[in-house]
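In our numbering, the protein residues as written are 1 to 647.
In structure tokens:
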């Protein structure tokens, strides 16, 4: 397979005056890949000198040293050179680069590609609903079915296995072609200074508004950050680069993980700077694009360990007004709890941090004493997440007594009442932020659809070994009540531009994934809710197929790459996953509709569906006067039998 041709040379090759050749990775040349340099292409065409007009070239020279000697003074000539004939300024030189001088251990990691996403997600979607036609599905689906890394099967409320997730780390060779990172691992990567400055501006101006987990002062360019706060700088660059290019994200991501291993594992460091970098990195970690590994869960556990070691989750026992340093600690503690709680509720895990009175007090302290604009939003997001966590705790109950079901119903009504109360107290300025509205809609959806939102990460064998069922069952009334919130969440994502969608954190994308899973399951029969009409849900109520088609194209086509190729940001990769889901959804509906039609014909009245029209002439001839009656009388049947049958 020949490499793609590069029409424009990158800055590094142009400065070195060498030929810029394409590599096996999209968006980076071979020379930058080998030297671990950020490959930056010119955004515009090369500036060329315009052609001189012929009449101007034929004019005599008027240089003072070349003029003939004349004793008579000549009046000065004022030649006005047109702007179009002036020499353009020289093109700017290559951008500066910088490195982060921290020893790093050896590590290997591969990058994700669009084809990996397609192959990995093809087998996941079939398990979202019960297999209604295994023979048909096995013959219709032509995509390879790799071993599942995550299980999206229908929630059967089986208890999860222990926290050992080593089985999820094993992959099959046929799952996806792996792409490796070339070059020496001991070579420090060279980051583009202009690109880093742009990423810092994007993170401060757009991304941080969706999840204000830290307060970043303006500390100049990336070179200053590299010398003073290298770990936080790498976390910001790794988080912001995924909104532009997954290739650039891989470069920053690899360096961040190496430094993390050096500081956390080898050095045993436990500091606020380490926690700050971890929170930033995990908050925008594209976990939905990496279904092969469990790194996101490992990073969350690291952040929880740092919070525990620093005793940020402990009440100091003082009533003093917190200073700026204490506010920073509270902010990091609440941000860590929020991320941990979302991961535990979304993947049905036991939380590693408990919501205590100190947690509730920290939210009050941020609302009352913090001067940062984003702290109020963080406090409200933690409160909304707490309601989601309380609903998640109800799914752990395994009893089936009527008294327990009645108590669960009362608890759910209390959670709904608390949600309505807090919704009226959220300021309008905070409620206008897309991220807080996503959290609000997601909380409503989770409270009503929690029984259908159990996405297990356990292997199928461990689930099948148990037979217990949960008390929290799907309610037909609550499922109908959450449909407006489901549509509102979909409409919110569809209304956001591509720049805002790329700036969303991993928690916001996770909320969209849960909403998509719920919409998918509501479009098919629900064994735990027989009264649910899946046909009406597909046609008029949920209309998931209509929204899924629009979600697969949200944000537009995106920006083109340096060679006119499609962009490789998080939004583009997410749309690939949604496209796979749309194809599988249409296949499943196409297999379900004919069977629904055959079932309706078998159970309906044959006189109304037209299937008995072929027998009408026979009956007319049989029951004709004189012929049919004599035949019946001669056979010993008589009119009494007819009256008993049809009377």
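Beta carbons are placed, not taken as given, at the ideal position from N, Cα and C, and that holds for glycine.
Exposed or buried, what is residue 258 when buried is set at 16 or more other beta-carbons lying within 10 Å of its beta-carbon?
Taking the chain shown and counting its residues from 1, one reaches residue 258 at position 258. Looking at its Cβ environment, which holds 16 or more other Cβ atoms inside 10 Å, residue 258 is buried.
So, helix, strand or coil for residue 473, using DSSP?
Here residue 473 corresponds to residue number 473 of the chain shown, with the count starting at 1. Looking at residue 473 - three-state DSSP - the assignment turns out to be coil, as it is neither helix nor strand.
Quick check on the DSSP output: the alpha helix (DSSP H) that includes residue 276 runs from which residue to which?
Mapped onto the chain shown, residue 276 falls at position 276. Note, residue 276: alpha helix (DSSP H), 272-283.
Taking all protein chains shown into account, do 16 or more other C-beta atoms lie within 10 angstroms of the C-beta of residue 11, making it buried, or fewer, making it exposed?
The sequence position of residue 11 within the chain shown is 11, counting from 1. Result: buried.
Contact check, residue 29 vs residue 23 under 8 angstroms by CB: the rounded distance?
What you label residue 29 is simply residue 29 of the chain shown in a count that begins at 1. What you label residue 23 is simply residue 23 of the chain shown in a count that begins at 1. Their Cβ separation, rounded to whole angstroms, is 6 angstroms, which keeps residue 29 and residue 23 in contact under 8 angstroms.
Cutting at 7 angstroms between CB atoms, please list the residues of its own chain near residue 202, excluding the five before and the five after it.
Numbered from its first residue, the chain shown carries residue 202 at position 202. Taken in chain order, the residues that qualify are 240 and 243.
Mind reading off the beta-carbon distance from residue 409 to residue 192? Whole number of angstroms is fine, and I expect it under 8 angstroms.
Position 409 of the chain shown, counted from the start, is the residue given in the question as residue 409. Position 192 of the chain shown, counted from the start, is the residue given in the question as residue 192. Residue 409 to residue 192, Cβ: 58 angstroms. No contact.
Give me, in chain order, the residues of the same chain whose beta-carbon lies closer than 7 angstroms to that of residue 497; leave out the 5 immediate sequence neighbours on both sides.
For the purposes of this step, residue 497 is identified with residue 497 of the chain shown, where counting begins at 1. Within the same chain, residue 497 has close Cβ partners 555.
If you draw a straight line from the alpha carbon of residue 405 to that of residue 394, how long is it in whole angstroms?
The residue labelled residue 405 in the question sits at position 405 within the chain shown. The residue labelled residue 394 in the question sits at position 394 within the chain shown. Approximately 10 angstroms, taken between the alpha carbons.
Helix, strand or coil: how does DSSP classify residue 15 here?
Taking the chain shown and counting its residues from 1, the one referred to as residue 15 is at position 15. If DSSP states are grouped into helix, strand and coil, residue 15 belongs with the helices.
From the DSSP output, in three-state form, read off residue 372 for me.
Taking the first residue of the chain shown as 1, we reach residue 372 at position 372. Coil, per DSSP.
Any chance the segment 202-218 sits against the segment 324-339, with 3 or more Cβ pairs inside 8 angstroms?
Because the criterion of three Cβ pairs below 8 angstroms is met, the segment 202-218 and the segment 324-339 touch.
Leaving out five residues on either side along the sequence, give the residues of the same chain with a beta carbon under 7 angstroms from the beta carbon of residue 300.
As a working mapping, residue 300 is identified with position 300 in the chain shown. Closer than 7 angstroms at Cβ, skipping near neighbours: 282, 339, 340 and 343.
Let me know if residue 451 comes out buried or exposed under the rule of 16 or more other beta-carbons within 10 Å of its beta-carbon.
Locating residue 451 in the chain shown gives position 451, counting from the first residue. Residue 451 should be labelled buried.
In angstroms with no decimal places, state the Cα-to-Cα distance between residue 445 and residue 482.
Within the chain shown, numbered from 1, the residue matching residue 445 stands at position 445. Within the chain shown, numbered from 1, the residue matching residue 482 stands at position 482. Using only the alpha carbons, I get a separation of about 6 angstroms.
Taking 8 angstroms as the cut-off, decide whether the C-beta atoms of residue 345 and residue 389 are in contact.
As a position in the chain shown, residue 345 is number 345, starting the count at 1. As a position in the chain shown, residue 389 is number 389, starting the count at 1. Going by C-beta atoms, residue 345 is nearer than 8 angstroms to residue 389.
Sort 519, 381, 528 and 312 by Cα distance to residue 540 and report the nearest one.
Locating residue 540 in the chain shown gives position 540, counting from the first residue. Closest by alpha carbon: 519.
Give me, in chain order, the residues of the same chain whose beta-carbon lies closer than 8 angstroms to that of residue 280; leave out the 5 immediate sequence neighbours on both sides.
Residue mapping note: residue 280 aligns to position 280 of the chain shown, counting from 1. Correct list, in chain order: 213, 214, 232, 235, 236 and 239.
Should the segment 578-596 be regarded as contacting the segment 545-554, the criterion being three or more beta carbon pairs within less than 8 angstroms?
Yes, since at least three Cβ pairs between the segment 578-596 and the segment 545-554 fall closer than 8 angstroms, the two stretches touch.
Hey, out of 473, 511 and 503, whose CA is closest to residue 488's CA?
Working through the chain shown from its first residue, we reach residue 488 at position 488. Taking only the C-alpha atoms, the option nearest residue 488 is 511.
Do you know whose CA, among 569, 433 and 531, lies nearest residue 657's CA?
With the chain covering 1 to 647 only, the question about residue 657 has no answer from this structure.
Got a sec? Which residues, its chain only, sit under 7 angstroms from residue 298 by beta carbon, not counting five neighbours each side?
For this step, residue 298 is matched to residue 298 along the chain shown. Result list for residue 298: empty, nothing under 7 angstroms.
State the Cα-Cα distance for the pair residue 379 and residue 513, rounded to the nearest angstrom.
The residue you call residue 379 lines up with position 379 of the chain shown. The residue you call residue 513 lines up with position 513 of the chain shown. Distance between the alpha carbons of residue 379 and residue 513 is about 23 angstroms.
What's the call for residue 385, buried or exposed, on a 16-neighbour Cβ count within 10 Å?
For this step, residue 385 is matched to residue 385 along the chain shown. By the 10 Å Cβ count, residue 385 comes out buried.
Among the candidates 538, 16, 320 and 573, whose CA atom is the shortest distance from the CA of residue 592?
Sequence index remark: in the chain shown, residue 592 carries index 592 (1-based). Looking at the Cα atoms, 538 is the closest of the given residues.
So who's on the other strand from residue 22, going by DSSP bridges?
Residue numbering aside, residue 22 sits at position 22 when the chain shown is read from its first letter. According to DSSP, residue 22 bridges with 29.
Excluding five sequence neighbours on each side, which residues of the same chain lie with their C-beta closer than 7 angstroms to the C-beta of residue 302?
Counting from 1 along the chain shown, the entry for residue 302 is found at position 302. The answer, listed in chain order, is 264 and 278.
With 16 as the cutoff for other CB atoms within 10 Å, does residue 19 come out buried or exposed?
As a position in the chain shown, residue 19 is number 19, starting the count at 1. By the 10 Å Cβ count, residue 19 comes out exposed.
Taking the alpha helix (DSSP H) that residue 324 belongs to, which residues open and close that run?
Within the chain shown, the letter at position 324 stands for residue 324. Residue 324 -> alpha helix (DSSP H) spans 324-346.
Note down the Cα distance separating residue 455 from residue 304, rounded to an integer number of angstroms.
As a working mapping, residue 455 is identified with position 455 in the chain shown. As a working mapping, residue 304 is identified with position 304 in the chain shown. Whole-angstrom Cα-Cα distance: 22 angstroms.
Starting from residue 297, follow its DSSP beta bridges and name the residues at the other end.
In the chain shown, the residue the question calls residue 297 occupies position 297. Beta-bridge pairing links residue 297 to no other residue.
Would you say residue 441 and residue 485 are within 8 angstroms of each other, going by their C-beta atoms?
For the purposes of this step, residue 441 is taken as the residue at position 441 of the chain shown. For the purposes of this step, residue 485 is taken as the residue at position 485 of the chain shown. Yes, they are a contact pair.
May I have the straight-line CA-CA distance separating residue 262 from residue 350, to the nearest angstrom?
As a position in the chain shown, residue 262 is number 262, starting the count at 1. As a position in the chain shown, residue 350 is number 350, starting the count at 1. Cα-Cα distance, rounded: 29 angstroms.
So within the segment 394-455, which uninterrupted alpha helix (DSSP H) runs reach at least 4 residues, ignoring any that extend past its ends?
Those alpha helix (DSSP H) runs which fall completely within the segment 394-455 and span 4+ residues are 402-425, 428-431 and 434-449.
For residue 25 and residue 204, what's the separation of their Cα atoms in angstroms?
In the chain shown, residue 25 corresponds to position 25, counting from 1. In the chain shown, residue 204 corresponds to position 204, counting from 1. So the alpha carbons of these two residues sit roughly 30 angstroms apart.
Compare the C-alpha of residue 569 against each of 493, 503 and 375 and name the closest.
The residue given as residue 569 occupies position 569 in the chain shown. Residue 503 is the option with its Cα nearest to residue 569.
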